[in-house]
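Line by line, the protein sequences give chains V and U.
Residue 105 in the numbering used here sits at position 105 of the first sequence, and the numbers go up by one each step.
Residue 1015 in the numbering used here sits at position 15 of the second sequence, and the numbers go up by one each step.
Don't be surprised by glycine CBs; every beta carbon is placed ideally from N, CA and C.
Just so we're clear, the structure is a prediction, and the values are computed from it rather than from any experiment.
Protein chains: 2
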Amino acid sequence: MNWLDEIRWTEDGLVPVIAQDAASGKVLMFAWMNRESLALTVEEGRAVYWSRSRGRLWRKGEESGHVQQVHELRLDCDGDVILMKIEQIGGISCHTGRESCFYRRLDEGQWTETDPVLKDPKAIYGQAKPG
Amino acid sequence: MNWLDEIRWTEDGLVPVIAQDAASGKVLMFAWMNRESLALTVEEGRAVYWSRSRGRLWRKGEESGHVQQVHELRLDCDGDVILMKIEQIGGISCHTGRESCFYRRLDEGQWTETDPVLKDPKAIYGQAKPG
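What follows is the structure, given as C-alpha cells:
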C-alpha cells in the first residue's frame, strides 16, 4: 500500500501540516498539502504546500528564499494530520518576517505580540506576496 | 474587542488546535475547538475540545483522566490556528495509549511506528471510548 493512500484526506483532498523546527522544537507554521504537494515535498526534501488562497502549489521560500528543508514526516493516529520537522532556512517562517507564525500569546484576555519582526516583509518580498 | 472575535473560525465555527508539551516541546495532538469550548478551556485552565465525531464538548481526560492543563495559548498570523502549550497529566495524549498521536514516521516510503504504547487503551478506557 502506498504511504499516500494511508492518509485520510479531507473532502477537498487536503491534509493539515504542522511545521516544527527540528532542532528547537518550536512550532513555526501550519498549512495544507494535497497529494501532489506532499509527494513533491518528499521527492524534493523541501516543503511544498497547497495554497488554498492562491489555488496552486506553493514551494515555501519560492519568493522569500525561506525554504523549509524536511527532516522528518510524522502521521497522527487518525491518519489525517501531518507533523513535519524542518530546518527553516533564513530563520523566518512567517510572512510577517517573524520566526514563527504563532507570535501572539493570550495574556489577560488579549492577544499580545511577543515575538520580534526579524526582517521587514518589504525587504523579503519584492511586491507584497507572501511565500 | 473580545479575543474570541479575533479568531477566524471555519464555516462550521471551529478552529484547529495544536497541543504541544510545554516542557519538552513535543507535539502531542491536534484537535478542534468551537467558541464555547475555547472559552471553557481558558476559564477552566484545561483543554476542552469540540469532538466532531461525537458532536459534543470533549473535556480531554474526562474518561481517561489524561487531562491537559493549559499553560499558554497562541494565535497564528492569519488568526485561524491555535497553538496550545500544555502539561499532559499522566503523560499520555493519544487514545492508543502513547504519549503523542504522532507516533508514526515516514521511513523509506512506509509509515513506521516509532513510539511505544505506555498503557493499554483497555486499561485506560473502561469501554472502548477515547477521551
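For U:Thr-1041, no chain V residue has a Cβ inside 9 Å of its Cβ, as the nearest lies near 10 Å away. In the three-state reduction of the DSSP assignment, V:Glu-44 falls in the helix class, which pools H, G and I. Shown here for V:Ile-92: same chain residues with a beta carbon closer than 8 Å to its own, the five before and five after excluded, namely Ser-64, His-66, Arg-98, Glu-99, Leu-118, Lys-119 and Ile-124 in chain order.
In this structure, the beta-carbon distance from V:Asp-80 to V:Val-15 falls below 8 Å. In the three-state scheme derived from DSSP, where H, G and I count as helix and E and B as strand, U:Asp-1005 is classed as helix.
At a cut-off of 8 Å, the C-beta of V:Pro-16 has a neighbouring C-beta in chain U. The beta carbon of V:Ala-39 sits closer than 8 Å to the beta carbons of Leu-4 from its chain, once the five residues preceding and following it are set aside; these are given in chain order.
Taking C-beta separations shorter than 7 Å and ignoring five residues to either side along the sequence, the partners of U:Lys-1085 in its chain run Gln-1020, Ala-1022, His-1071 and Glu-1072, following chain order. Per the C-alpha coordinates, the member of U:Ala-1031, U:Leu-1075 and U:Asp-1076 positioned closest to U:Arg-1059 is U:Ala-1031. Contacts with chain U (Cβ-Cβ distance below 7 Å) from the region 60 to 91 of chain V involve Glu-72, Leu-73, Arg-74, Leu-75, Asp-76, Cys-77, Val-81 and Leu-83, listed in chain order. For the C-beta of U:Thr-1096, the chain V residues within less than 7 Å are, from N- to C-terminus, Cys-77. Within the same chain, and ignoring the five residues on either side of U:Gln-1069 in sequence, the residues whose Cβ sits closer than 7 Å to its Cβ are Gly-1045, Arg-1046, Ile-1086, Glu-1087 and Ile-1089. Neighbourhood of V:Glu-113 in chain U, by CB distance below 7 Å: empty, with the nearest CB roughly 10 Å away. Excluding sequence positions up to five before and after U:Pro-1116, its CB lies within less than 8 Å of the CB of Arg-1098, all in the same chain and listed in chain order.
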